[in-house]
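Read through the structure below, which is laid out as structure tokens, and then see the notes.
Number of protein chains: 2
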Amino acid sequence: MVKLPSETSGYHHGNLRQAMVDAATELARTGGPSAIVLRGVARSVGVTATAAYRHFAARSDLVDAVAERGYERMAKSMLAELARVRATGDPRRDAIERLQAEGRGYVRFALDEPGLFATAFEHDRFGTEIPAQYDWGPSPWGLLCEALADLRDVDLLADHDVEGGALYAWAAVHGLAVLLLSSLSNLSPEHGTALIDAQLEYIVRGLCSDLPGSAVPGVDGSDRP
Amino acid sequence: MVKLPSETSGYHHGNLRQAMVDAATELARTGGPSAIVLRGVARSVGVTATAAYRHFAARSDLVDAVAERGYERMAKSMLAELARVRATGDPRRDAIERLQAEGRGYVRFALDEPGLFATAFEHDRFGTEIPAQYDWGPSPWGLLCEALADLRDVDLLADHDVEGGALYAWAAVHGLAVLLLSSLSNLSPEHGTALIDAQLEYIVRGLCSDLPGSAVPGVDGSDRP
DNA sequence: GGTATATGTTAACACTGTGAACATTGCCTC
DNA sequence: GAGGCAATGTTCACAGTGTTAACATATACC
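The listed protein sequences correspond, in order, to chains A and B.
In terms of the numbering used here, the first sequence is residues 4 to 228.
In terms of the numbering used here, the second sequence is residues 4 to 228.
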């Protein structure tokens, strides 16, 4: 007979790993990665602290599991914003708006779930390897690359710029998210969203506008208005 | 008679605060903020752990002191790169190169001193206030604003874009620094510096090139080559 | 049904930050 | 110079933390 996860028989929990990741996620949401304390998580799911070591080799593995969940939700946030853009008929404009929507979803997730965002990117360990690539469904990076490919398909981006452009956009968006949570955390929400919009505008300009002088141009005659 | 800081009389240390910040900085350099452990720092300067509380209200204050030192060194790194740019006679090109030099110094510092960089920006506390502005000499933010003002003075930037542009550039550079230390940490050094150069190029394009359609343009006729 | 294995538990260790009470030193005033 | 006060360090102590070793129990498989 297949045992349902719900029927906890007292001693054996059923599926403790899942329960611990759930509890740890909830803690991380409100308190960030440092709020994931093993003993507390174990206690909150009604189990002894050392039981955790049957499912995680160390606390950091539990944190990693929460981080992965954070990536998942971030991708969802990007997809949600993506679903809000409505086609205008102009494929170029559509491609731009899709890219910006993904960026908006990225930063929105950071602002809505600062704890999970911080957990996802807080690999405090210097020199230590990060857990390679995550392989569940659509990753934030994968989504971004698709958007850049779309931009290329409508001739707004050179072929050889797709990967570099993706890294540029990622860094620009990620940096804003991080700063909004730390150094700029006392900004008003309105100012915050204005900053996001401005950033997405700058990013598109950096990607899609080519200055005539190829390398470091003294900039051509097209001054400002 | 003025007592020299060097003459420790056994019981009284002389200037313990300074010594502890020094030791903590060294620990943070190699191990990041989490390597700053109060008892260890105290022991390493030959004093009991609780003695620290005569100079710091809590461990976090010691970390903050190290963070401030990190900001200081980052500014120095930016100034160092700034000193390397040589005037070309074209004031516009010079202004651009100065901005890029500052950005390079910013990211270089992050790569050269990942522990201090992480400590400077690791205000893990969510919702908690960050320690306002730092008031020692030239701050990274101040330097950046000067560079943007220079850009405006040579008509490469609109007046109302100075602050927004500075935030954009800061975020774009900061994001790259963070990613190079975390998700992109296994890149080769050459690839890393190439990425930095590319990012600085993109940033200037975003700042200094104006697309004809003001808002979200479908982009004008200037396709790709 | 009996046994191996997965999964929890208890006891214990070496750490951590931090507070209270006590001790020593140096400076300031008479 | 002598005495007292404030600054600075020390000793205990406590409540936490992650983690290991040895033991207990329930589940799955032959």
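The C-beta atom is built at its ideal place from N, Cα and C for all residues, glycine as well.
These numbers were taken from a predicted model, which means no experiment stands behind them.
Three-state secondary structure (DSSP) of residue i
i, result
"A:R101", "helix"
"B:S188", "coil"
"A:T51", "coil"
"B:D93", "coil"
"A:D153", "helix"
"B:A70", "helix"
"A:L183", "helix"
"B:L210", "helix"
"B:L230", "Summary: the structure shown does not reach residue 230 of chain B, with chain B confined to residues 4 through 228, and so no result is reported for it."
"A:S142", "coil"
"B:L159", "coil"
"A:G17", "coil"
"B:V88", "coil"
"B:E75", "helix"
"B:A61", "coil"
"B:E116", "coil"
"A:E132", "Low local confidence applies: a pLDDT of 40 at A:E132 is under 50, so the model's placement there is unreliable, with the coordinate-based value given in what follows. Correct three-state label for A:E132: coil."
"A:E125", "coil"
"A:A22", "helix"
Member of the options whose CA lies at the smallest distance from the CA of residue i
i, options, result
"B:A113", "B:L210, B:E204 and B:V176", "B:V176"
"A:L105", "A:P94, A:S212 and A:V207", "A small fix is needed here, since residue 105 of chain A is Glu in this sequence, not Leu. Closest by alpha carbon: A:V207."
"B:G118", "B:R87, B:D156, B:D97 and B:M77", "B:M77"
"B:L203", "B:D156, B:R111, B:S186 and B:G49", "B:R111"
"B:R62", "B:V44, B:V48, B:E84 and B:I199", "B:V44"
"A:E116", "A:Q103, A:V88, A:C148 and A:K79", "A:K79"
"A:A86", "A:Q103, A:S185 and A:D200", "A:Q103"
"B:A201", "A:R42, A:L183, A:V165 and A:G195", "A:V165"
"A:S186", "B:A174, B:A52 and B:H194", "B:A174"
"A:E84", "A:L65, A:N189 and A:R107", "A:R107"
Test item: CB-CB of residue i and residue j under 8 Å
i, j, result
"A:G168", "A:L151", "yes"
"A:Y109", "A:P143", "yes"
"A:M81", "A:L146", "yes"
"B:T28", "B:V69", "yes"
"B:V181", "A:V40", "no"
"B:L183", "B:G195", "yes"
"A:R42", "A:A52", "yes"
Same chain only: Cβ atoms within 6 Å of residue i, ignoring 5 sequence neighbours per side
i, result
"A:A172", "I206"
"A:V157", "P94, R95 and A98"
"B:S47", "A26"
"A:Y56", "none"
Residues near residue i by beta carbon distance below 8 Å, same chain, minus five either side
i, result
"A:L160", "L151, L154, G168, L210 and C211"
"B:H58", "L19, R20 and M23"
"B:A38", "L30, A31 and G118"
"B:G49", "H16"
"B:V88", "D97, E100, R101 and A104"
"B:L198", "L179, L183, L187 and L190"
"B:C148", "V165, E166 and A169"
Other residues of its chain near residue i: CB distance less than 7 Å, five sequence neighbours each side excluded
i, result
"B:T91", "D97"
"B:P296", "Residue 296 of chain B lies beyond the stretch modelled for chain B, which goes from 4 to 228, so this question has no answer here."
"A:D162", "R155"
"A:R60", "Per the sequence shown, residue 60 of chain A should be read as Ala rather than Arg. Same-chain partners within the cutoff: there are none."
"B:E193", "none"
Residue i CB to nearest heavy atom of the ligand SAM below 7 Å
i, result
"B:A45", "Looking for the ligand SAM in the displayed structure turns up nothing, as the structure carries no ligands at all."
Every unbroken alpha helix (DSSP H) within the region 26 to 51 of chain A, with a cutoff of 4 residues, ordered by chain = The DSSP assignment places complete alpha helix (DSSP H) segments of no fewer than 4 residues inside the region 26 to 51 of chain A at 41 to 47, in order along the chain.
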